[in-house]
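Colleague: Below are the structure tokens for one structure; questions will follow.
Protein chains in written order, with our numbering: chain A, 34 to 467; chain B, 21 to 323.
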């Protein structure tokens, strides 16, 4: 099958001088020319003031593929997206697009606060390359999706930020190109609208359109994309099925998706508490990336208390693959409940029982908070991940059933049964009659 | 949760229909690679994006006059106020020679293209940097941004034109001045075209240079003020000595304004000056376009 997008050895160079000083003045250029007339034209070639945002990136995308880009901030994802969207051109290499493309690097591009919702829909649509006819045809649908019917002729400066974002996403969501390039737009609105956006994105993927998608949410990537590319330091560090690439990304610095460690410089936290590490362990205290559905799993966080006198409550957030919080667990150990913790290093472990979670990938977030008054000292959502595996062996909740097993959790519940044999009922009825 | 969109287009009902590989074009629709060649604008692409030009212009106009009490009246205020001031000082006190044309009419005929030209160029200079958010986030033909700034001022110009017509009728009917409406009036649309092309050329030039060298935006208002006095706006080109006339006419506004006056007020038609004006305009337009095309790919990186 032929590719709809072909990226061949693309590199992009930025000059650090330009990054720091976004523009030059004429005088600067003239002075540089006077000081070093022969270097003037080759200024950009001196190696110390240039960085490569992308270096020799190549990949192909087939029609209908939904491809996710993942990578840390500054890895080059956004630059790559900008090149694919034609916003900026590569320093070397070549990109070929065999379809009409529409890109969405930001919600509400070109929105103006003084214009009404209606005017902004047309404005934004024109910027995103939607002909007026098409906008007219989809107008009601866009307005309904954004849920701003009553305010459509009000200047958007009077909109709440939620309404503004909803309207902005609604226009973009109704774009109809063959290739759709999307950057981090799902983080808009409240959680209900976020789900609606995610659903819309999923629909787009199912329509057979080619979608390129960048997000920091591993859950969103896992849900939407069949294939993922991991960008590290401007290079392709992984390309394959989403599960594998997401895992290798989460493995990150400590070589395991099931653990993250921070050195003192980058540790999340404040002057009260700092996070050292989060890891997933099995019953034998060994770090694991996957657990048997029947066995308990330990969530372990190590944190340091720097300031005495605070009552601290460590807690874990457990997310499903779709990013839904399944549950939150607070440390209720009476030893520390309501007692200020002296400075030192604490290792807190929460045990999730076996036969409780459903199979699949689960993401864990770790936080330490003071509950009264509420103060979050750090909260790292979706920081580690592990898989719950169902090997279809006996002893699991599934029993002998081999088909797809629905549900976000799969707890082993206690069942009780009362039984009366057919003969027994008859006998009882007879007894009552007589 | 499905939206009506899913059921709407026949494409959606048959998901991969249009995307089977045999439907892909043999040659890429878009190729992105570093290019450093000189080229003119892709007019097919510009035509395809004409609606964007319209909306950018509309945004400019709407934003400018929202929450103003006088609204569109502001459009005519600037040339009208200037005309009044110049009439008092140069027309009444200094008595600048006008060859029989009422001074207010002469100065307003000059101020009309001048106001269009100067405000367009000054605003276009800042247009790309002012729309940085747009340029760094989405692709579209960048030249539409300065072009929209010019287009918005063309709307202002049209409004002011009505004032000129009213003024001309007033002087002819009420004051009884003899104004010759001649066949030159038919040239007026062509002069407007020349005015637009000249303004567009300079606007394209200053806007792309201003992306890299912000000095342009700072220096331009001063330069434009000086330019006004080396152009026959508040005086007639006849004041310039004959032997300097050719050099003077290298300023494309000399021919343009002279042409406006000839067309509207029936004064002598400055053929030489207009020819020079057309030549300078075309050179400027082509040169500016080439430079813009060469630099536009770096806008997103440095704006």
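No residue lacks a Cβ here, since even glycine has one placed at the ideal position from N, Cα and C.
1) Does DSSP put residue 54/B in a helix, a strand or coil?
2) Is it the case that the segment 137-147 of chain B contacts the segment 107-119 of chain B, given that we only count it when at least three CB pairs across the two stretches are under 8 Å?
3) Between which two residues does the alpha helix (DSSP H) harbouring residue 67/B extend?
4) Below 7 Å between beta carbons: does that hold for residue 185/B and residue 95/B?
5) Would residue 224/B be called buried (16 or more neighbouring beta carbons within 10 Å of its own) or exposed?
6) Could you check where the alpha helix (DSSP H) with residue 295/B kicks off and where it finishes?
7) Kindly identify the DSSP beta-bridge partner or partners of residue 348/A.
8) Enumerate in chain order the residues of its own chain whose CB-to-CB distance from residue 315/B is below 6 Å, with the five nearest sequence positions on each side excluded.
9) Would you list, in chain order, the members of the segment 142-164 of chain A that have their beta-carbon closer than 8 Å to a beta-carbon of chain B?
10) How many angstroms separate the CA atom of residue 110/A from the CA atom of residue 136/A?
11) Which residues mark the beginning and the end of the alpha helix (DSSP H) in which residue 175/B is found?
12) Taking any Cβ of chain B, which residues in the segment 118-129 of chain A have a Cβ under 8 Å from it, in chain order?
13) When the Cα of residue 83/B is compared with those of 236/A, 156/A and 294/A, which residue comes out closest?
14) With three or more beta-carbon pairs closer than 8 Å as the criterion, would you say the segment 195-214 of chain B touches the segment 259-267 of chain B?
15) Quick check: the Cα distance between residue 158/B and residue 130/B, rounded to an integer number of angstroms?
16) Expressed to the nearest angstrom, what Euclidean distance is found between the alpha-carbon atoms of residue 57/B and residue 398/A?
17) Identify the contact partners of residue 245/B in chain A, using a Cβ-Cβ distance below 8 Å as the criterion.
18) Could you compute how far the alpha carbon of residue 164/B sits from the alpha carbon of residue 133/B?
19) Decide if the segment 368-376 of chain A is in contact with the segment 260-277 of chain A; the criterion is three or more beta carbon pairs, one per stretch, under 8 Å apart.
20) Can you find a CB in chain A that lies within less than 7 Å of the CB of residue 317/B?
21) Is it the case that the Cβ atoms of residue 50/B and residue 155/B are separated by a distance below 7 Å?
22) Note down, in chain order, each residue of its chain lying with its Cβ closer than 7 Å to the Cβ of residue 107/B, except the 5 sequence neighbours on either side.
23) Just mark residue 177/B as buried or exposed, buried being the case when its beta carbon has 16 or more other beta carbons within 10 Å.
24) Return the first residue and the last residue of the beta strand (DSSP E) that residue 90/B is part of.
25) Between residue 195/B and chain C, is the shortest Cβ-Cβ distance under 7 Å, so that the two count as touching?
26) Of the choices 76/B, 55/B and 143/B, whose alpha-carbon is the least far from that of residue 240/B?
27) Which residues, in order along the segment 55-86 of chain B, keep a beta-carbon less than 7 Å from a beta-carbon of chain A?
28) Excluding sequence positions up to five away, which residues of its chain have a Cβ less than 6 Å from the Cβ of residue 207/B?
29) Below 8 Å on the Cβ atoms is my contact criterion, and I expect residue 87/A with residue 247/A to pass it. Report the Cβ-Cβ distance as a whole number of Å.
30) Below 7 Å between beta carbons: does that hold for residue 321/A and residue 391/A?
31) Could you tell me the alpha carbon to alpha carbon distance between residue 165/A and residue 102/A, rounded to whole angstroms?
32) List, in chain order, every chain A residue whose beta-carbon is nearer than 8 Å to that of residue 159/B.
33) Taking just the CA atoms, how far does residue 313/B sit from residue 209/B?
34) With a cut-off of 7 Å, does the C-beta of residue 35/A fall near any C-beta of chain B?
35) Less than 7 Å between CB atoms is the rule here; does residue 131/A satisfy it with respect to chain B?
Modeller: Working from what's here:
1) The answer is coil: DSSP assigns residue 54/B none of H, G, I, E or B.
2) Two segments are said to touch when three or more pairs of C-beta atoms, one from each, lie closer than 8 Å; by this definition the segment 107-119 of chain B does not touch the segment 137-147 of chain B.
3) Membership of residue 67/B in the alpha helix (DSSP H) is indicated by the continuous run 63-68.
4) For residue 185/B and residue 95/B, no; Cβs fall outside 7 Å.
5) When all chains shown are included, residue 224/B counts as buried.
6) Here the alpha helix (DSSP H) through residue 295/B covers 291-315.
7) In the DSSP assignment, residue 348/A forms a beta bridge with 363/A and 400/A.
8) Closer than 6 Å at the Cβ level, and outside the excluded window around residue 315/B, lie 228.
9) Hits within the stretch, in order: 142, 143, 145, 147, 148, 152, 155, 156, 159, 160, 161, 162 and 164.
10) Rounded to whole angstroms, residue 110/A to residue 136/A spans 14 Å at the Cα level.
11) Here the alpha helix (DSSP H) through residue 175/B covers 164-193.
12) The residues in question are 118, 119, 120, 121, 122, 123, 124, 125, 126, 127, 128 and 129.
13) Taking only the C-alpha atoms, the option nearest residue 83/B is 156/A.
14) The way I'd put it, the segment 195-214 of chain B doesn't touch the segment 259-267 of chain B; fewer than three beta-carbon pairs between them come closer than 8 Å.
15) Each residue's CA atom was taken as its position, placing residue 158/B and residue 130/B some 40 Å apart.
16) Taking the straight line from one Cα to the other gives about 52 Å.
17) The premise fails here: residue 245/B is roughly 20 Å from chain A at the closest Cβ pair, so nothing lies under 8 Å.
18) Whole-angstrom Cα-Cα distance: 22 Å.
19) With the cut-off at 8 Å, the segment 368-376 of chain A and the segment 260-277 of chain A do not touch.
20) Taking Cβ atoms only, chain A reaches closer than 7 Å to residue 317/B, which makes this a yes.
21) For the pair residue 50/B and residue 155/B, the CB atoms are not nearer than the 7 Å cut-off.
22) 123, 124 and 127.
23) Result: buried.
24) Run containing residue 90/B: none; DSSP gives neither H nor E here.
25) Looking at the structure shown, chain C is missing, and the protein chains on hand are A and B.
26) The candidate whose alpha carbon is nearest that of residue 240/B is 143/B.
27) Hits within the stretch, in order: 71, 72, 75, 79, 82, 83 and 86.
28) Its chain contains 283 as the residues whose beta carbon lies nearer than 6 Å to that of residue 207/B, once the 5 sequence neighbours on both sides are disregarded; these appear in chain order.
29) Actually they do not touch by this definition, with Cβ atoms about 14 Å apart.
30) Cβ distance not < 7 Å, so residue 321/A and residue 391/A don't count as in contact.
31) If you take the alpha carbons of residue 165/A and residue 102/A, they lie about 32 Å apart.
32) Going along chain A in sequence order, the residues near residue 159/B (Cβ under 8 Å) are 118, 119, 120 and 136.
33) Cα to Cα, the separation comes out at about 29 Å.
34) Residue 35/A has a beta carbon lying within less than 7 Å of a beta carbon in chain B.
35) For residue 131/A, the nearest CB of chain B lies under 7 Å from its own CB, placing it at the interface with that chain.
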